[in-house]
Each structure stands twice: as C-alpha cells, then as structure tokens.
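Worksheet: the structure to be examined is printed underneath.
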Amino acid sequence: MFGRVVSVVVGLVLVVSGCSAEREWGGNASPGGGPAKIGLITKTDTNPYFVGLRADAEAAAADRGAQLIALAGQFDGDNDGQVRAIENLIQQGVSTILITPNSSTGVIDALARARQAGVLVIALDTATEPAEAADATIATDNREAGRLQGAYAKAALGDRPPKVLMIDGTAGSSVSSMRHEGFLAGMGLAEGAPEVRGTTNANGDQNLAQQGAENLLARSSDINAVYTMNEPTARGVHAALQSRGLAEQVVMASIDGGCEGVAAVKSGQLRATVMQFPDKMAQQGVDAAVEHARTGAKPAGFHDTGSVVITDQPMPGIPSQTVAWGEQHCWGER
C-alpha cells in the first residue's frame with residue numbers, strides 16, 4: 001500500500017503500567033543535533049486500523065532516522081490509559097506526540113501539560129475538542145466519509161423508503177459523532193427521523209456490534225439499510241443479519257478501507273466501504289515531527305487525508321473506485 005516498507009525493530013520492548021507495550025525505534029542523528037524523538041499514542045493496539053497506522057509510523061520513522069515510542073490504550077475508550085501514556089512520553093523527553101485520542105475531550109489537560117513542556121502535539125485520525133488543544137490535526141474528514149456512506153446507501157435503495165439501523169462507535173467520540181451526522185446528511189434524514197428504526201453504540205467492536213444489532217432486530221426486523229461506524233462493526237452486524245436471513249435484502253456499507261473490509265465488499269457482505277488512508281496520516285505526522293525537531297517549525301490547522309468509496313456496484317453521482325483498486329491501496333494484511 002502507498003509506499004509501505006517493511007520495518008525492522010531496533011528498539012527494546014518495555015511494559016508501561018496502564019498502557020500497552022512500548023516500542024522504540026532508533027535512528028541516526030538529525031541535522032538539529034540528534035534524532036527526532038516522537039511519541040505515538042493510538043486508541044488500542046488490537047484494532048487493525050490502529051495496528052496499521054502504528055506500522056506505517058514505525059516504517060516512516062525508521063526511513064527518516066527518527067526514534068518512535070509507540071503506546072496505546074488497552075481498549076477503545078481507555079482515556080485514562082492514554083493520559084498515563086502522555087505523562088510517560090513527557091517524562092521521556094519526546095519532542096512530538098502524535099495521538100489518536102479515545103476521548104476528544106478527556107485528554108485535553110494532559111495535552112496542555114505536554115505543550116507547556118514544549119512538546120508539539122498532533123492529533124491523528126481523531127480531532128481533539130476543541131481542535132486548538134492540538135497544534136494540528138491530520139485525519140480523514142469523518143463527516144464527509146459518513147456522508148459518502150449515507151449517499152451511497154440512499155442511491156442503492158433506489159425508490160425504496162429507508163428503514164435504517166445505526167450502529168455507532170463510542171459515546172462522546174468526535175469520530176463517531178461526525179460519521180453519524182454525515183451519514184444522516186448523505187441519506188437526507190434529520191436526527192431522530194422516524195426512518196431511523198434504532199441506534200446503539202458498539203465501541204467499534206465486532207462482538208458488541210453483533211449483540212447490539214441482534215437486540216435492535218429483536219424489536220424490529222423491518223429494515224433495509226444499516227449504518228456501520230467501521231468495518232469491525234460491519235462484520236458483527238453482518239453476522240446478526242445473516243442469522244435472521246436478512247443479509248441479502250439490507251444495504252450495508254461501512255468506513256475504513258482495510259484489506260479485510262475490501263474483501264467483504266468483494267464477497268458481497270458489504271455493498272461498499274469508504275476507504276481512508278492511515279498511512280498518509282502516519283507519514284505526514286512523522287514528517288512534521290522530524291521537521292519540528294530539525295527547525296522548530298510547527299504545523300497548524302486541519303489536514304484532510306481523503307476518503308474514497310470502494311465498490312463494484314457503483315451508483316450514479318457517487319464517485320468511487322473498484323474493488324481491484326481497493327485491493328491495491330488497502331491497509332492491513334493482504
């Protein structure tokens with residue numbers, strides 16, 4: 001995918017209390033008098049999306065002669081673990097922290113302490129609230145990604161009035177909220193519209209998504225479309241639909257663009273997925289961190305890394321790429 005290279009572990013694996021395993025990547029001294037020392041904090045180290053983002057950051061750091069220390073929350077929503085990781089990285093003297101916050105508001109105080117200590121803070125994938133709590137954000141425009149999913153589902157339904165279930169992410173997450181809002185906009189529905197037959201949070205987890213979808217379907221199985229916040233959620237929902245014999249009649253798309261998700265589009269489990277590009281987030285974040293260590297320059301504002309609908313059932317008015325294109329550009333194992 002997009003220039004991903006095989007990276008080699010050159011550091012020492014340490015266990016940090018309250019966080020997942022820490023991994024250091026060393027490199028040659030930079031022109032500024034030493035390698036850029038970068039901290040990366042992802043939401044978890046189990047979700048394939050964040051595993052891929054971390055691998056891309058590791059590869060970029062190794063390629064640019066930087067040192068990367070990778071930490072993660074123990075589960076989706078582990079705000080306390082991420083706060084401890086921020087404090088740990090401040091103590092280790094990193095010059096930049098790249099973070100995908102579990103809670104857009106929950107890490108604000110810890111990030112303020114990092115910035116007061118002279119650390120550049122860049123949010124990857126998920127913006128902080130307020131956005132100014134980070135120096136810059138490098139991410140998918142999640143509202144637009146949700147809108148693309150909703151617009152595709154609406155077009156795929158054709159003349160059928162929508163009867164929708166919505167399987168959201170983590171309550172309070174800006175990514176979940178923006179994708180939810182974008183999907184409704186793409187469908188042309190208002191929040192609380194009667195066409196939305198039920199909603200539930202699944203924290204981006206396949207098992208929770210299956211349980212949540214089963215509970216909603218027990219109340220009403222008269223549906224023809226499902227919004228899924230990400231591809232693990234979609235896998236869980238597909239299992240729930242399949243157990244009730246509904247999988248073939250329901251339009252379901254998702255967001256991520258992992259190789260497993262693209263394979264689900266190819267097999268027909270998903271009609272489409274909206275691909276995002278964690279490799280671009282990681283590479284641009286590491287580039288900014290290296291430049292900051294070298295010159296003191298700081299990026300600012302929002303940097304959109306783009307999103308693309310992947311499907312072999314294109315819809316009029318919805319720009320898309322084929323599954324074959326998606327297989328060439330997806331992230332994760334192939």
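Once you know that position 81 of the sequence shown is 81 in full-length UniProt numbering, the rest is easy, because the numbers rise by one and skip nothing.
Note that the Cβ used here is the ideal one computed from N, Cα and C, for glycine as well.
Owing to the predicted nature of the structure, the values given are computational and were not obtained by experimental measurement.
- By the CB criterion at 9 Å, Met166 and Thr200 fall inside the cutoff.
- Counting along the chain, Asp312 sits inside no alpha helix (DSSP H), nor does DSSP assign it H or E at all.
- Closest in C-alpha terms to Arg143, from the list Arg160, Ala123 and Val175, comes Val175.
- The alpha-carbon separation between Gly296 and Ala288 amounts to approximately 10 Å.
- The shortest C-alpha to C-alpha distance from Lys163 to any of Ala153, Gly169 and Gln116 is the one to Ala153.
- When the five nearest sequence neighbours on each side are left out, the beta carbons in the same chain lying within less than 6 Å of the beta carbon of Val308 are those of Met275 and Gln321, in order along the chain.
- Only buried fits Arg64, as 16 or more other CB atoms lie within 10 angstroms of its CB.
- DSSP places Arg197 within a strand segment (E or B) once states are collapsed to three.
- Listed in chain order, the alpha helix (DSSP H) elements of length 4 or more contained wholly in the stretch 46-78 are 48-63.
- The alpha-carbon separation between Gly106 and Asp159 amounts to approximately 43 Å.
- Going by C-alpha positions, Gly172 is about 8 Å away from Ser104.
- It is roughly 47 Å from the alpha-carbon of Ala59 to the alpha-carbon of Ser220.
- Under the rule that a run must span 4 or more residues, the alpha helix (DSSP H) segments found entirely inside the stretch 156-238 read 174-187 and 206-219.
- As DSSP reads the structure, Ser104 sits in no beta bridge.
- Residue environment: Pro232 is assigned as buried (16 or more neighbouring CB atoms within 10 Å of its CB, all protein chains considered).
- Here Thr96 is not near Leu111, since their CB atoms are 9 Å or more apart.
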